[in-house]
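Enquirer: To start, I am sharing the structure in question, which I have written as structure tokens.
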Amino acid sequence: MKVLSAMTVCLVALLSGCVSPAEQASMDRTQCSNFGFTPGTDAFAQCMQKTAIHRDEMDVANRNYYASQNAATGSKKDNNKNGLSVSADINAVNAISELLSSDK
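In this note's numbering, the protein residues as written are 172 to 275.
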């Protein structure tokens, strides 16, 4: 269950750049509900806040990671829409999973 939750959070983090703020808030509410928090409670609000903070931290980490990868490869880019390689995305997911499992 912990692995499934970690993978869900990783997927949400990776996709967060592709959705509107309203869609992101909806996904965050769903995620916090799936974690067992009841909407309208302080614990739910804390979950929402921690989710937003974590996503912001992951965005910064991803930008730094991709910037270092681009610097190391002379800004050579893949042909995908963001110019990021699939292996880099997988590495980011693995790094996020490790961070989430170390928090528990």
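Ideal placement from N, C-alpha and C gives every residue a C-beta, glycine not left out.
1) Using the Cα positions of ASN250 and GLN240, report the straight-line distance between them to the nearest angstrom.
2) Do ILE267 and MET229 have their C-beta atoms within less than 8 Å of each other?
3) Under a Cβ-count criterion, where at least 16 other Cβ atoms within 10 Å of its own Cβ denotes burial, should SER191 be classed as buried or exposed?
4) Less than 6 Å between C-beta atoms, sequence neighbours within five positions excluded: which residues of the same chain meet that for PHE208?
Expert: Let me spell this out:
1) Counting from one through the sequence shown, the residue named residue 250 turns up at place 79. Counting from one through the sequence shown, the residue named residue 240 turns up at place 69. In this prediction, ASN250 has a pLDDT of 48, which is less than 50 and means its spatial position is unreliable; nothing more can be read from the coordinates.
2) Indexing the sequence shown from 1 puts residue 267 at position 96. Indexing the sequence shown from 1 puts residue 229 at position 58. Yes.
3) As a first step, residue 191 is located in the sequence shown; it is residue number 20 there, counting from the start. It is exposed - the Cβ of SER191 has fewer than 16 other Cβ atoms within 10 Å.
4) In the sequence shown, the residue the question calls residue 208 occupies position 37. Excluding residues within five positions, the ones whose Cβ falls inside 6 Å are ALA214, PHE215, CYS218.
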